[in-house]
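Q: According to the numbering used here, the residues represented by the sequence shown are 5 to 626, in order.
Where a beta carbon is used, it is the ideal one built from N, C-alpha and C, also for glycine.
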Amino acid sequence: MTSASATAPVRRPVLRRVVLMLLGVVLVAAGAMAIAPALVPTETVSTRIAEQIEQWLGRPVTFAGDPVISLYPRPTVTIENVVIGDALGGEALITVERVTGTVALFPLLIGRVEISAFALLRPVINLRMADDGRSNWVVRDGTIGARLAQAADDDPTDDAAADVTLGRFLIEDGTVTYQRGDGPLSEITNVSLDISWPSTAGGMSASGRLTWRGEAVAITGYLGRPLDLIGGRASPVRFTAEAGPAALFFDGTVDRTELDFSLAGTTSLTTPSLRRLLNWAGAHIPIEGETPGPAAITGDATWSWPVLAFANGTMSLDGSAATGSFSADFSAMRPFLRGTLAASVLDLSPYAVSLRTGVEPDGTWIGAPIDVPAFSVVDTDLRLSAEEIRMGPARMTGVAASATVTSGRILLSLEEATFYGGRLRASVSGEAGPGTLSLHAAASLSGMEALPALEAVAGVSVLAGTVEGTLDAGGTGSTWSELVASLTGTITATIVDGALRGIGLDGAVALPAPAVADLALGTGATAFSRFEGAFALEHGFVVTRSFAAEGALYTLAFAGRASLLRPEVGGAGAFTFRPTAERPAALPFTLAGTWVMPVLADAALPEPPSAAASPSSPSGVP
């Protein structure tokens, strides 16, 4: 107790002196902060800021008015209407409504301005590149320019040039414009970035947001050696950009070329809708429609204006994936896509569904406008191989195909494919104009199994056998129904060892006096050894005047037509039996109804139609 009382008076004076010293320091600091703005001439500050920027860039710097010095909540200097000149002698490289610099306090008290961070309000950065490759952002003078020139003469790995202290740059509500020669002006707005570049010895990182063509884009990035890039050498780079239409990731190197920048590295681009992405990129595709839909591209990419190329890339579109090499050339108004791709399974069902939106449930076309963006906004030279191609329930295997589109002129070629056991070859040529599409198609088929093919393609199960045939047809229209209605051309078909399903002719043959009602429509089948038909495409109809089949006990001749715009069929024909004393030689009939639900009725034909002579306008034709 006595010891504690004895030491207390000693401790209290010491504590009192410490508190008084701290108060003194605070008062001195507060006084310094209060009088600093008056001690530092604004002319000195403004001159020092201009000199520092000019020393870095070797560009003239001007601003309006006197700087405003503030020490709370941190020491800052603010200047208005800053303008940094253009190396090409054009409009200013950078104009800034307000620049606020964070400065070191004690150097400021002796008249030195040391800025560690800049906040730029509403800067406008104008990037220009002349036709000869000169750009207005390349720094050739000033401290950075001198270091670049020195480093260019040294070992590229030498850091002798990397001794300029920079800092942090905060950009708020900025605008960036870019123009190459007399080309179109690109503009990025609402730029808000936090850029950290402590010194030219290290890398530069950035994060923030901007707006391009009406879409907000979030970006992050890192540039390993910015000074090397400015000086014409490669630098590591990594960045991501995410927007509603797409997300992009890149990790590789960036280099200067004679006319622009080049990139090489791992790239990943994904989009929920390729249609929306192309529209955002300037292809001007109507935003309605679901195809082309979700897409992604990954691989080793290179970008050197004007070509973006992928090697060993993987591309997916609407659920289908392919691998290979492909490129896009943007030197013309219409991008040019070139590539060689291989797919395991290529599902074109979404495109079949898109086409069927122009068809009523009963099969009637409603005149949907033709919308094929791939023909109207890009040029292509693509080679494709696929183990299997699907379109709804239909299947095609062992496919080798190509597609060439040049200024709307189209050539699609199916060099090889197996279609339900048969060999299929086909080509489609034509031209896509404003709102119209003209096509000409040619195809040959051999060895196809008719029943599974017709079931898959048309949902029809009326015919079986092995098919050989040809097609040669063309048309023009502004809607799909108009195009179908305009089709003209020819179709030939031969079927061997087949059967007509749904017509029980075998039972009628055994009757002494058969009638059409005895054919048992919808049940049974009528076998034939050979069928031959010649068809014409005329004004939206498939017309036949030479349709003949031969069985063991009968022959069939038919003339009629089927609508391509509506699911209607009609015509007249006759079954001719081997005559007996009890049975007539011919059974005439008419056909009406639909493909799926045909209707047979008795008919009286003076002369049954045959392959050699058929009525030119058959009764019962719709």
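Among the candidates A462, I192 and I374, whose CA atom is the shortest distance from the CA of P397?
A: Minimum Cα distance to P397 is reached at A462.
Q: Between V546, T548, G502 and T99, which lies nearest to R534 when the distance is taken from Cα to Cα?
A: Minimum Cα distance to R534 is reached at G502.
Q: Helix, strand or coil: which one does DSSP assign to P354?
A: It is helical.
Q: Among residues of its own chain, excluding the 5 on either side of T598, which ones have a beta-carbon nearer than 7 Å to its beta-carbon?
A: Cβ within range, chain order: P571, E572 and V573.
Q: To which residues of the same chain is M208 closer than 6 Å at the C-beta, ignoring the five residues directly before and after it?
A: Here the set comprises W201, L227 and P230.
Q: Check this for me: beta carbons of V107 and V81, under 8 Å apart or not?
A: Yes, the pair counts as a contact, with Cβ atoms nearer than the cut-off.
Q: So, helix, strand or coil for A489, using DSSP?
A: Correct three-state label for A489: helix.
Q: Does I57 come out as helix, strand or coil in the three-state DSSP assignment?
A: Helix.
Q: Using three-state DSSP, classify E572 as helix, strand or coil.
A: The answer is coil: DSSP assigns E572 none of H, G, I, E or B.
Q: Here's the rule: buried if 16 or more other CB atoms are within 10 angstroms of the residue's CB, otherwise exposed. What is M133?
A: When all chains shown are included, M133 counts as buried.
Q: Hey, how far is the Cα of I414 from the Cα of T492?
A: Near 19 Å, if we compare the C-alpha coordinates of T492 and I414.
Q: With D383 as the anchor, note down where its beta strand (DSSP E) starts and where it stops.
A: Element bounds for D383: D383 to M395.
Q: Please list, in chain order, all residues of the same chain as H543 whose beta carbon is under 7 Å from its beta carbon, the five residues on each side excluded.
A: Counting only Cβ-Cβ distances below 7 Å, and skipping sequence neighbours, we find A489.
Q: Which whole-angstrom value is the C-beta distance of G256 and L273, which I expect to be below 8 Å?
A: About 14 Å; that fails the 8 Å criterion.
Q: Beta strand (DSSP E) containing I129: first to last residue?
A: It spans I119 to M133 - the beta strand (DSSP E) in which I129 sits, taken as one unbroken run.
Q: Around the Cβ of M337, are there at least 16 other Cβ atoms within 10 angstroms (buried) or fewer (exposed)?
A: Its Cβ having fewer than 16 others within 10 Å, M337 is exposed.
Q: In chain order, what residues of the same chain lie with their CB nearer than 6 Å to the CB of S139, ignoring the 5 residues before and after it?
A: M133.
Q: Please specify which runs of the alpha helix (DSSP H), each continuous and at least 4 residues long, are wholly inside the region 192-267, giving them in chain order.
A: Entirely contained in the region 192-267, the alpha helix (DSSP H) runs reaching 4 residues are, in chain order, 230-234.
Q: How would you call E391, buried or exposed, if buried means at least 16 neighbouring beta carbons within 10 angstroms?
A: Exposed is the call here.
Q: Looking at the unbroken beta strand (DSSP E) that takes in L415, where does it start and where does it end?
A: L415 -> beta strand (DSSP E) spans R413 to F423.
Q: With a Cβ-Cβ cutoff of 8 Å, do G248 and E219 count as a contact?
A: Contact flag set, yes.
Q: If distances are taken between C-alpha atoms only, which option among I83, I98 and W307 comes closest to D90?
A: With distances taken between Cα atoms, D90 lies closest to I98.
Q: Between which two residues does the beta strand (DSSP E) carrying A285 extend?
A: A285 -> no beta strand (DSSP E), and no H or E assigned at all.
Q: Measuring alpha carbon to alpha carbon, tell me which of G236, A457 and S417 ends up nearest A445.
A: Nearest of G236, A457 and S417 to A445, Cα basis: S417.
Q: Classify A607 as helix, strand or coil using the three-state DSSP reduction.
A: If DSSP states are grouped into helix, strand and coil, A607 belongs with coil.
Q: I believe A346 touches G328 by the beta-carbon criterion, under 8 Å. Please report the beta-carbon distance rounded to the nearest angstrom.
A: Contact flag correct, Cβ pair sits at about 6 Å.
Q: Confirm, please, whether the CB-CB distance from L449 to E419 is below 8 Å.
A: No, Cβ-Cβ distance for E419 and L449 is not below 8 Å.
Q: Please classify A222 as buried or exposed, where buried requires at least 16 other C-beta atoms within 10 Å of its C-beta.
A: Label assigned to A222: exposed.
Q: Between which two residues does the beta strand (DSSP E) carrying E453 extend?
A: Segment T440 to E453, the beta strand (DSSP E) holding E453.
Q: Express the C-alpha separation of T384 and L341 in angstroms, rounding to a whole number.
A: If you take the alpha carbons of L341 and T384, they lie about 5 Å apart.
Q: Restricting to Cα atoms, I'd like to know which of T104, D232 and L487 is closest to I73.
A: Measuring from the Cα of I73, the nearest candidate turns out to be T104.
Q: Under the three-state reduction of DSSP, which class applies to R549: helix, strand or coil?
A: Strand.
Q: Where does the unbroken beta strand (DSSP E) through T104 begin, and where does it stop?
A: Looking at the DSSP string, the run of the beta strand (DSSP E) that includes T104 is I98 to V107.
Q: Could you name the residues that DSSP lists as bridge partners for M319?
A: DSSP, once it has assigned bridges, lists I301 and A326 as partnering M319.
Q: Please report the straight-line C-alpha distance between D135 and Y182, rounded to a whole angstrom.
A: Taking the straight line from one Cα to the other gives about 13 Å.
Q: Report the option in V311, S348, G343 and L591 whose CA atom is closest to the CA atom of R399.
A: Nearest C-alpha to R399: S348.
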